[in-house]
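Participant:
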Amino acid sequence: MMNRKRVGALALFGAALLLMAVEPAAAQSGYASTTEGAIWGLNSNLIYVAVPITILVEGILIYTVWKYQKTDEAKPTQENRRLEITWTVATAVILLFVGVASYQVLGNPYVAASSENTLQGDPADEIEVYGQKYNWNFVYRNVSVDDASATGVSMTNVSIEGTTVENVTDEGVVISGGSVSSADDGALESAALVNGTVTAGAGNASQYETGEQVSVDDVSLSGAAVEGASISGATVESTNTMVMPVDRNIRLNITANDWLHAFHVPALGLKQDALPGQSNYIVTKATQTGEYQLYCAEYCGVGHSGMLGSVDVQSQSDYDSWLAQSWFSAQG
Ligand SMILES: [Cu+2]
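When you read off a place in the sequence shown, starting at 1, and then add 6, the result is the number in our numbering.
Next comes the structure, spelled out in structure tokens:
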């Protein structure tokens with residue numbers, strides 16, 4: 007009877023462990039990214055198991071030392087097959103738990119990203135990450151933003167089609183409607199320009215009259231505010247601050263321009279080598295907006311300790327606004 011009870015207890019213990027091992031996602035809430043959640047979920051599961059075992063083993067050790075401290079002569083141990091089988095099976099169950107739990111996390115696409123997109127039905131936006139002495143550069147390709155606005159816009163080689171001049175002021179021309187298109191990377195359409203200075207060819211703002219229909223090529227804008235623009239196929243770049251949207255799968259394509267660096271954002275659970283001529287990947291989904299410290303985690307020279315940056319997780323609308331403002335700011 008004793009034996010059956012013991013086997014039952016062991017089976018229950020084993021089943022509970024395996025249940026924890028195959029359900030690491032349960033411990034994911036409260037972490038800043040899916041990656042961080044998976045890693046710390048595993049850590050917590052292992053701690054839940056390791057702490058009771060540590061207390062049990064240390065307890066037996068201390069009890070034994072205390073109980074037999076005054077024994078003069080050591081007695082030989084006797085064979086106890088049931089005890090030996092119990093600790094062998096218990097150890098096997100624990101190792102199985104560690105193995106299954108670890109494999110779940112190691113096989114998680116948010117922890118071990120490959121060049122293939124393994125996230126079904128939820129494709130990731132890609133951001134290219136370039137490490138170089140002693141900065142981080144980020145490239146966001148194929149950016150599309152609807153209803154974009156930006157201020158302080160300067161652009162050259164712009165075409166304006168069928169646009170109505172709303173007003174002419176000391177500060178410039180207010181025009182709206184029609185479409186404005188850029189010859190640069192990324193197309194700009196259906197923009198309303200407010201309070202900008204529009205210069206067509208050798209002329210200037212004063213050549214326009216209110217109500218006039220404007221269709222001109224080779225226009226320059228400076229200091230313009232833009233509203234309701236559509237940007238498509240644009241490329242945006244940033245240095246040392248990587249901006250990403252919250253609650254979206256993001257794939258980081260990480261490489262280096264000169265030699266070894268490593269991309270490391272501890273608070274988001276992200277770490278990956280940056281090697282010249284090779285792409286290493288991270289796939290993650292940030293779950294909380296905020297600013298997170300970025301480090302270079304591979305000694306790369308005298309400026310290594312200053313090779314810092316940040317990851318700025320923003321709402322989708324803030325991210326779109328940032329992309330639009332960044333793209334417009336880089337023109338002209
Ligand atoms: Cu570095």
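All residues carry an ideal CB built from backbone N, CA and C; glycine is no exception.
The structure displayed is predicted, hence computed values, not measured ones.
Span of the beta strand (DSSP E) holding N163?
Facilitator: Residues 141 to 174.
Participant: Give me the Cα-Cα distance between A33 and G239, rounded to the nearest whole angstrom.
Facilitator: With a pLDDT of 45 at A33, under the threshold of 50, the predicted position of this residue should be treated as unreliable, though the coordinate-derived value follows. Between A33 and G239, the C-alpha separation is close to 39 Å.
Participant: Within 10 Å of its beta-carbon, does L112 have 16 or more other beta-carbons around it, so buried, or fewer, so exposed?
Facilitator: When all chains shown are included, L112 counts as exposed.
Participant: Roughly how many angstroms separate the alpha carbons of Q322 and V99, rounded to a whole number?
Facilitator: One C-alpha to the other measures close to 45 Å.
Participant: Specify the secondary structure class of R87 as computed by DSSP and reduced to three states.
Facilitator: It is helical.
Participant: Any heavy atom of ligand 1 within a distance shorter than 7 Å of the CB on M313?
Facilitator: Yes - ligand 1 has a heavy atom lying nearer than 7 Å to the Cβ of M313.
Participant: Spatial neighbours of L274 within its chain, please: C-beta separation below 7 Å, excluding the five flanking residues on both sides.
Facilitator: The residues are A38, S39, T41, E42, T290, A292, Y298, V317.
Participant: Quick check on S88: buried or exposed, where buried means 16 or more other Cβ atoms within 10 Å of its Cβ?
Facilitator: Going by the sequence as given, residue 88 is Arg instead of Ser. Result: exposed.
Participant: Between the alpha carbons of M248 and K139, how many angstroms are there, rounded?
Facilitator: Cα to Cα, M248 sits roughly 17 Å from K139.
Participant: Quick check: the Cα distance between L276 and F269, rounded to an integer number of angstroms?
Facilitator: Their backbone Cα atoms lie some 8 Å apart in a straight line.
Participant: W328 and Q320 look like a contact to me (Cβ under 8 Å); what is the Cβ gap, rounded to whole Å?
Facilitator: Contact holds; Cβ gap of about 7 Å.
Participant: Could you round the C-beta distance between E243 and V145 to whole angstroms and report it? I think they count as a contact, below 8 Å.
Facilitator: Confirmed, Cβ separation roughly 5 Å.
Participant: For the beta strand (DSSP E) holding L300, just list the boundary residues, first then last.
Facilitator: It spans 296 to 302 - the beta strand (DSSP E) in which L300 sits, taken as one unbroken run.
Participant: Taking all protein chains shown into account, decide if Q219 is buried (16 or more other Cβ within 10 angstroms of its Cβ) or exposed.
Facilitator: Flag for Q219 reads exposed.
Participant: For ligand 1, I want to know if H310 counts as a neighbour, meaning its beta carbon is within less than 7 Å of at least one of the ligand's heavy atoms.
Facilitator: Yes, since a heavy atom of ligand 1 falls inside the 7 Å radius drawn around the Cβ of H310.
Participant: Is it the case that the CB of G47 approaches a heavy atom of ligand 1 more closely than 7 Å?
Facilitator: Flag unset: Cβ of G47 not near ligand 1.
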